[in-house]
Amino acid sequence: MICSAACPSGPARRGTERSHGLAAPSPASDVIQLGVRGRRSSKRQEQQAGQRSVRVRALVKSSRACAWRSRSSAMSAVDAASGIPAMATAATLVSVDDKLDQLRAEVAKLDQISENEKSGFISLVSRYLSGEAEQIEWSKIQTPTDEVVVPYDTLASPPEDLEETKKLLDKLVVLKLNGGLGTTMGCTGPKSVIEVRNGFTFLDLIVIQIESLNKKYGCSVPLLLMNSFNTHDDTQKIVEKYANSNIEIHTFNQSQYPRIDTEDFSLLPIKKSGKDGWYPPGHGDVFPSLNNSGKLDLLLAQGKEYVFVANSDNLGAIVDIKILNHLINNQNEYCMEVTPKTLADVKGGTLISYEGRVQLLEIAQVPDEHVNEFKSIEKFKIFNTNNLWVNLKAIKRLVEADALKMEIIPNPKEVDGVKVLQLETAAGAAIRFFDKAIGINVPRSRFLPVKATSDLLLVQSDLYTLVDGFVTRNPARANPANPSIELGPEFKKVANFLARFKSIPSIVDLDSLKVSGDVWFGSGITLKGKVTITAKPGVKLEIPDGAVLENKDVRGPQDL
1 MICSAACPSG PARRGTERSH GLAAPSPASD VIQLGVRGRR SSKRQEQQAG
51 QRSVRVRALV KSSRACAWRS RSSAMSAVDA ASGIPAMATA ATLVSVDDKL
101 DQLRAEVAKL DQISENEKSG FISLVSRYLS GEAEQIEWSK IQTPTDEVVV
151 PYDTLASPPE DLEETKKLLD KLVVLKLNGG LGTTMGCTGP KSVIEVRNGF
201 TFLDLIVIQI ESLNKKYGCS VPLLLMNSFN THDDTQKIVE KYANSNIEIH
251 TFNQSQYPRI DTEDFSLLPI KKSGKDGWYP PGHGDVFPSL NNSGKLDLLL
301 AQGKEYVFVA NSDNLGAIVD IKILNHLINN QNEYCMEVTP KTLADVKGGT
351 LISYEGRVQL LEIAQVPDEH VNEFKSIEKF KIFNTNNLWV NLKAIKRLVE
401 ADALKMEIIP NPKEVDGVKV LQLETAAGAA IRFFDKAIGI NVPRSRFLPV
451 KATSDLLLVQ SDLYTLVDGF VTRNPARANP ANPSIELGPE FKKVANFLAR
501 FKSIPSIVDL DSLKVSGDVW FGSGITLKGK VTITAKPGVK LEIPDGAVLE
551 NKDVRGPQDL
């Protein structure tokens, strides 16, 4: 069964965009503000009205190099043309209220989005301009105890009785974040339709997994897909092939917000037609969108209690009955799966204890003098996998109370030469608003994202097997960590990646692989230890069928 709840879709296909790097000085501080990501100020030296005015000015002047880094505040922006601190001329600026009135008038003209989306956007911008934030002191940050971040191995075993397990699973909903496109990997359409292994796409594997679960336990776990306006139409066509499957599939759209032109603080869709003027405001939008779509009420009416939220490209994010059982028995409203950091994860957000509550701390919130400490695997040992378990009644309660004030992530971009700002939120930051919220320190196997073709090489190799839609690690691999894979730009697009391998090499005993240049792989190749393959500029380098490369630095045929 396929059920859709789409918001009004935006205009035609999205254009080319690129991130716009901005820089501004910001004061060092031991105080972190949790309302707006990247805002750092050691003391409240500015009056509220002045703060808000400076914030507007920083936006309007951004095209003249008056802007902020993603890790610094718009309030600390300096006019590069004059060198005068923004505060010096704050009194001459138009008020925030006037700016919001301008935005409200422009938003009212947008017939592509719903009233809920309009009010949500205005609320987000209003919070951003007001400088709303909750300050925390670095010295008060504490490492969470095992009661706050529960070791997975300490979870009680789920019921052995199949009927009891069925009762548990009948309370569950699986929600996959499906708003991303596959453009970074050279694909068109939703990323979830990229073929991962044996001809199966991400979405195929998700459906097969839940079908297997429903069949084994006789339960009815539905699948929800939260699309963006970029992926909605394609996804609706794709899910039709699952119409006869043993799974109820629902789709709904996350919000569609207008980008802000930083030159004059106007809305880009007023000036420009097409998808370029719009953006999806991050996966923190999952909670209001689930409610606004009507799907939340439907699920509650069906007796569902928990939703398992995960990225569609994380192959390790599968239903775990032990976790579900723990949450129901302990009445935890929110659970974030975390896993031990490796050197590749040092920038990932982590959980902290602060004044009796668990909170997510991102690197963007960390003062410069504490960044190295944040990256330390010794002090901050875990990071957020973005596998989240949330109580549906709690979502309903908090959304209706408008209580989910997650930190705002300013995301400056450039679209066809126009500098724009989009404001986003992240679902993980909501943890501090839920009662009895916890983290669970899960095995690394539950975090297997595919963000690039180097990840595809891992999951398509003999390092993993595929059974009933589940990607399982090969026990023959002695090293608990996966090999480090670095492929050159020639391999960036999926089509080029697949063309350059007759078959995926055996990498069970590989530690690291770095490939540069015009390199082509034959079939039946085995890679072991540390392998570097570099083709000279303008030279095609072919690795022959059946080659075994162990601790090799290959720069030409003579090295094979």
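Here UniProt numbering is used: the first residue of the sequence shown is 1, the next is one more, and so on.
Note that CB positions come from ideal geometry on N, CA and C, so glycine has one too.
Item: Kindly confirm or deny that the stretch 271-279 and the stretch 234-254 touch, where touching means at least three C-beta pairs closer than 8 Å.; Value: no
Item: Exposed or buried, what is threonine 385 when buried is set at 16 or more other beta-carbons lying within 10 Å of its beta-carbon?; Value: buried
Item: How close, in whole Å, do the beta carbons of glycine 488 and serine 516 come, if the pair is a contact with beta carbons under 8 Å?; Value: 5 Å
Item: Could you tell me which whole alpha helix (DSSP H) segments of length 4 or greater appear in the stretch 431-505?; Value: 453-460, 494-499
Item: Hey, would you say serine 533 sits closer than 7 Å to valine 519, going by beta carbons?; Value: The displayed chain sequence assigns isoleucine, not serine, to residue 533. Yes, they are a contact pair.
Item: Quick one: using the 10 Å Cβ neighbour count with 16 as the cut-off for buried, is glycine 131 buried or exposed?; Value: buried
Item: Can you tell me the Cα-Cα spacing of leucine 129 and aspartate 402, whole angstroms?; Value: 18 Å
Item: Are the stretch 306-325 and the stretch 188-200 touching by the rule of at least three beta carbon pairs closer than 8 Å?; Value: yes
Item: Where asparagine 372 and valine 346 are concerned, what is the direct C-alpha to C-alpha distance, given to the nearest angstrom?; Value: 9 Å
Item: Where are the beta strand (DSSP E) runs, 3 residues long or more, that stay fully inside the stretch 335-391, in chain order?; Value: 350-354, 357-361, 382-391
Item: DSSP three-state label for glutamate 542, please.; Value: strand
Item: Sorted by chain position, which residues of the same chain lie with C-beta nearer than 7 Å to isoleucine 431's C-beta, five sequence neighbours on each side aside?; Value: Tyr334, Met336, Val358, Gln359, Leu360, Ala437
Item: Phenylalanine 501 to valine 494, Cα distance in whole Å?; Value: 11 Å
Item: Determine the closest residue to glycine 179 out of Met185, Ser228, Leu168, Leu203, with distance taken between C-alpha atoms.; Value: Ser228
Item: Between lysine 419 and threonine 262, is the Cβ-Cβ spacing less than 7 Å?; Value: yes
Item: Could you pull out every residue in the same chain whose Cβ sits closer than 6 Å to the Cβ of lysine 118, ignoring the five residues on either side in sequence?; Value: Val107
Item: Name the two residues that bound the continuous beta strand (DSSP E) containing serine 516.; Value: 510-516
Item: Determine contact between the stretch 149-165 and the stretch 321-335, defined as no fewer than three beta-carbon pairs at a distance below 8 Å.; Value: yes
Item: What residue range does the beta strand (DSSP E) around valine 550 cover?; Value: Just to set this straight, residue 550 is glutamate in the shown sequence, not valine. Element bounds for glutamate 550: 548-550.
Item: Residue range of the alpha helix (DSSP H) that leucine 527 falls in?; Value: It is not in any alpha helix (DSSP H) - leucine 527 instead sits in the beta strand (DSSP E) that spans 526-534.
Item: Is the beta carbon of isoleucine 238 sitting closer than 7 Å to the one on leucine 223?; Value: no
Item: Given that a residue counts as buried once 16 or more other Cβ atoms are within 10 Å of its Cβ, and exposed if not, what is glycine 349?; Value: buried
Item: Within 10 angstroms of the Cβ of asparagine 479, are there 16 or more other Cβ atoms? Answer buried if so, exposed if not.; Value: exposed
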